[in-house]
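Per this note's numbering, numbering through the sequence shown is continuous, rising by one, with the last residue being 1828. Here the structure is laid out as structure tokens; the discussion comes afterwards.
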Amino acid sequence: MNEDTIRLATIGRILRRRWRILATLAVVGALVGYGTSVVFPPRYTASASVLLPGQWEERELLTQVDIVTSSTVIDRAAAKLGRPGVSGAELRDRVSAEVGDGNIIKISGTDSTPERAQQLSDQVARQFVAFAARIAGGTDSEAATAPETLRQQVEETNRRITDLAKAADPGKTVESVQARTSLEKLRTSLEEAMTKLDQADPASTLAGMVVMGPAARPTGEAPPTRMQLIVAGALLFFLFAVIGHLAAARRNRRLRTEPEIAAALGSALLGTVDVPDERRAYRPEDSGPRASIRRFLGIDTRWDIPAPQMSVDEAGRQLRYRRVCARLRDQLASPRRLLVVVPDGDEIALRAAGQLVAEAKGDPLLRVVEVSVDRPMVPDHDTESGALVVLGAGSWTAQELAGIAEACADGGHDVVGIVVAGTVRTRETRSDGHPPDSASPALAVRGHSTGGSA
1375 MNEDTIRLAT IGRILRRRWR ILATLAVVGA LVGYGTSVVF PPRYTASASV LLPGQWEERE
1435 LLTQVDIVTS STVIDRAAAK LGRPGVSGAE LRDRVSAEVG DGNIIKISGT DSTPERAQQL
1495 SDQVARQFVA FAARIAGGTD SEAATAPETL RQQVEETNRR ITDLAKAADP GKTVESVQAR
1555 TSLEKLRTSL EEAMTKLDQA DPASTLAGMV VMGPAARPTG EAPPTRMQLI VAGALLFFLF
1615 AVIGHLAAAR RNRRLRTEPE IAAALGSALL GTVDVPDERR AYRPEDSGPR ASIRRFLGID
1675 TRWDIPAPQM SVDEAGRQLR YRRVCARLRD QLASPRRLLV VVPDGDEIAL RAAGQLVAEA
1735 KGDPLLRVVE VSVDRPMVPD HDTESGALVV LGAGSWTAQE LAGIAEACAD GGHDVVGIVV
1795 AGTVRTRETR SDGHPPDSAS PALAVRGHST GGSA
């Protein structure tokens, strides 16, 4: 699978075969989300609206939004609220403003309770309107007297123009007419400029700001709510678990095809055999709390191998074993004795080796040993003519199989062949004269070094 494109069938296989651990991780994620909601208490948000009458450009409205969240307005709101230990700097992170439709500024305040959130948004709105009215109403003397001073200067200029017009030559010469005409144009321009100044005076607009009623008390928590955190935690852990399975499958370097396995062991493939898909047999090393947890979560079995195919019948399975034994007889000279090497932990291969012992009937004489793939060690050469490696497909990497081959060479055994075992599904009904073909032989070869013959 490491070179295959991830398909929906792969995800479906994960859901079917690993649903227990996925459900467990989802529950853990929900608990993490609940714990996060306890660490971070719920927040509530209330909003108040302020109407700005008149014509406003977009940049002017954005300027008013900045004024709402300025330190001047927030500090005054904090002083009016009078909450111990709560400064304007802290409130600034809880207040936001945005421009709505129809020259409306929406001011939002977030706090730990609905009442406190309502009070915060109302107080900020009031302080914003009061600050705007202060600028427009003349609390600042310089700002208040500037327009009036300008009007006085315009009136003084008009009087000077009138005096100059009267003092001009009353004759009808070209120069005198042009001078009087220029003075009248200057007077007209000043009057028009003053009229536009009166129309554009921001003081009246700022003074007309009104708060459109008190903020509504919030009835629900502001996002993220406790339920949202719980659902998000469960979903994230579930997705991470699925992605982790897919990533592990993409990095999987276990050999699946017979040519790859034969190349890794440096020997020829003698055949493939089938083993009925049954529950994993109990082994002493499978006891303990960790093994029980692995069995409960369903992670003690592989998920990334294809589902077993339906077996034709028991006779067909036994025929495969007989053919392997026949090839061994043709290949070996008498006396035919072989060491059957099975990787430790490969239950399918161990059951297949037991069936080979039963089908060989002492010719060749087979001795089964289980070899650890971490530190492979094969018994020294005694009377055996070589080693036969039996293993399950898709269970071992090329490096692990190369280690087994080197261990066989160190023990003086030539690898005469390879047998690959796979699982098949059997029909529930069996004939009375044919017991399960893997029951007694598999039990006969348990252990690290067991001889068997029929």
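For each residue, glycine too, the CB sits at the ideal point set by N, CA and C. All values reported here derive from a predicted model rather than from experimental measurement.
Give me, in chain order, the residues of the same chain whose beta-carbon lies closer than 7 Å to that of residue i; leave out the 5 immediate sequence neighbours on both sides.
i, result
"PRO1738", "LEU1702, ARG1703, LEU1706, ARG1710, ARG1711 and LEU1712"
"TRP1770", "ARG1628, LEU1629, PRO1717 and VAL1747"
"GLU1733", "GLN1692, TYR1695, ARG1696 and CYS1699"
"GLN1497", "ALA1451, LYS1454 and LEU1455"
"SER1486", "PRO1415 and ARG1417"
"VAL1831", "As shown, the chain starts at 1375 and ends at 1828. That puts residue 1831 outside it, with no answer to give."
Assign residue i to buried or exposed, taking buried as 16 or more other Cβ atoms, counted over all protein chains shown, within 10 Å of its Cβ.
i, result
"ILE1604", "buried"
"GLY1618", "exposed"
"THR1675", "exposed"
"SER1411", "buried"
"GLY1807", "Here GLY1807 scores only 44 on pLDDT, less than 50, and its place in the model should not be relied on; the value that follows carries that caveat. GLY1807 should be labelled exposed."
"LEU1382", "exposed"
"ALA1453", "exposed"
"GLY1690", "exposed"
"VAL1714", "buried"
"SER1805", "For SER1805, the predicted structure reports a pLDDT of 43, less than 50, and the residue's modelled location is therefore unreliable. A value from the coordinates is still provided. Exposed is the call here."
"VAL1731", "buried"
"GLU1558", "exposed"
"ARG1665", "First, the residue type needs correcting, since residue 1665 is Ala and not Arg in the sequence shown. By the 10 Å Cβ count, ALA1665 comes out exposed."
"ALA1621", "exposed"
"ASP1720", "buried"
"SER1759", "buried"
"TRP1393", "exposed"
"VAL1413", "exposed"
"LEU1740", "buried"
"ALA1608", "buried"
"GLY1407", "buried"
"GLY1428", "exposed"
"THR1800", "buried"
"LEU1389", "exposed"
"ARG1725", "buried"
"GLY1662", "exposed"
"GLY1728", "buried"
"ARG1468", "buried"
"ARG1736", "Arg is not the amino acid found at residue 1736; the sequence shown has Gly there. Exposed, by the Cβ-count rule."
"SER1495", "buried"
Could you give the C-beta distance for residue i and residue j, rounded to a whole number, given that I count them as a contact under 8 Å?
i, j, result
"MET1751", "VAL1745", "7 Å"
"ALA1776", "VAL1789", "With 8 Å as the limit, ALA1776 and VAL1789 do not qualify as a contact, their Cβ atoms being about 11 Å apart."
"VAL1763", "ILE1722", "Their Cβ separation, rounded to whole angstroms, is 14 Å, which puts VAL1763 and ILE1722 out of contact at 8 Å."
"LEU1396", "ALA1615", "5 Å"
"SER1482", "MET1586", "About 14 Å; that fails the 8 Å criterion."
"ARG1466", "ILE1448", "5 Å"
"ALA1648", "GLY1796", "Residue identity check: residue 1648 is Asp in the sequence provided, not Ala. With a Cβ gap of about 6 Å, ASP1648 and GLY1796 count as contacting."
"GLY1462", "SER1445", "6 Å"
What residues in its chain sit with their C-beta under 6 Å from that of residue i, if we drop five residues either side in the sequence?
i, result
"GLU1472", "LYS1480"
"ARG1417", "THR1484 and ALA1596"
"GLU1632", "LEU1643 and VAL1794"
"ARG1450", "GLN1501"
"SER1470", "SER1482"
"TRP1430", "ASN1477"
"GLN1492", "ALA1420, ALA1589 and ARG1591"
"ARG1600", "SER1411"
Given residue i, which residues of its chain have a CB within under 8 Å of its CB, disregarding the five upstream and five downstream residues?
i, result
"PRO1488", "TYR1418, ALA1420, ARG1591, PRO1592 and THR1593"
"ASP1754", "GLY1785 and GLY1786"
"GLU1634", "ALA1772"
"ILE1478", "SER1423, VAL1424, LEU1425, LEU1426 and MET1586"
"LEU1610", "GLY1403"
Contact criterion: CB-CB distance below 8 Å. Does residue i meet it with respect to chain C?
i, result
"ARG1387", "Considering every chain present, this structure includes no chain C. It has just one protein chain."
Would the beta-carbon of residue i be found less than 7 Å away from any heavy atom of the ligand NAP?
i, result
"GLY1796", "In the structure shown, the ligand NAP is absent, as is every other ligand, since no ligand is present at all."
Please confirm if the stretch 1636-1650 is in contact with the stretch 1433-1445, defined as three or more CB-CB distances below 8 Å between the two stretches. In short, these stretches do not touch, since the Cβ pair count stays below three.
Where in the stretch 1725-1763 do unbroken runs of the beta strand (DSSP E), each at least 3 residues long, occur, reported from the N-terminal end onward? Qualifying beta strand (DSSP E) stretches, in chain order: 1739-1745.
Would you call the stretch 1560-1567 and the stretch 1388-1401 touching, i.e. three or more CB-CB distances under 8 Å? Taking a cut-off of 8 Å on C-beta distances, the stretch 1560-1567 does not touch the stretch 1388-1401, as fewer than three cross pairs fall below it.
Any beta strand (DSSP E) of 3 or more consecutive residues that is wholly inside the stretch 1607-1662: Runs found: 1643-1650.
What alpha helix (DSSP H) runs, 4 residues minimum, are completely inside the stretch 1391-1452? Taking only runs of at least 4 residues, the alpha helix (DSSP H) segments lying wholly in the stretch 1391-1452 are 1393-1413 and 1432-1442.
Completely contained alpha helix (DSSP H) runs for the stretch 1459-1511, where each covers 4 or more residues: Listed in chain order, the complete alpha helix (DSSP H) runs (minimum 4 residues) inside the stretch 1459-1511 are 1462-1466 and 1488-1511.
In chain order, which beta strand (DSSP E) runs of at least 3 residues are fully inside the stretch 1699-1723? Counting only runs of 3 or more, we get 1711-1717.
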